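Heads up: take any position in the sequence shown, counting from 1, add 23, and you land on the working numbering.
Below is one structure, written out as structure tokens; the observations come after it.
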Amino acid sequence: MNPDRKADIAVIVTCHNYGRYLWQCLNSIQRQLLKPASVLIVDDASTDETEAVARQFPEM
């Protein structure tokens with residue numbers, strides 16, 4: 024299987040003040056053998072580290 028191949032799927036991650044779980048979630052998506060075509064992180068003005076964690080994954 025080609026590790027650079029993109030699947031015809033999108034992953035939508037909803038989070039509000041769940042920054043403590045977001046890194047593990049995005050890391051898991053990143054490690055999949057078949058990469059999603061896009062990843063959309065939906066946040067509603069979190070007041071925790073959610074934005075900082077999401078910025079650690081600019082390739083998504």
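Glycine included, C-beta positions come from ideal geometry on N, C-alpha and C.
A quick note: this is a predicted structure, and the numbers were derived from the prediction, not measured.
* Asked: So what's SER69 in DSSP terms, helix, strand or just coil?
  -> In the three-state DSSP reduction, SER69 falls in the coil class, being neither helix nor strand.
* For VAL76, is the classification buried or exposed, using 16 other Cβ atoms within 10 angstroms of its Cβ as the cut-off for buried? -> Counting of Cβ neighbours within 10 angstroms places VAL76 among the buried residues, the total reaching 16 or more.
* Near PRO59, what residues of its chain come up, given a Cβ to Cβ distance below 8 Å and the 5 sequence neighbours on each side ignored? -> LYS29, ALA30, ILE32, ALA33, VAL34 and ILE52
* **CB contact flag (GLY42, ASP67, <8 Å)** => no
* **Neighbourhood of LEU63 by C-beta, 6 Å cutoff - its chain only, sequence neighbours within 5 removed** => For LEU63, where only same-chain residues beyond five positions count, the Cβ hits under 6 Å are ILE35.
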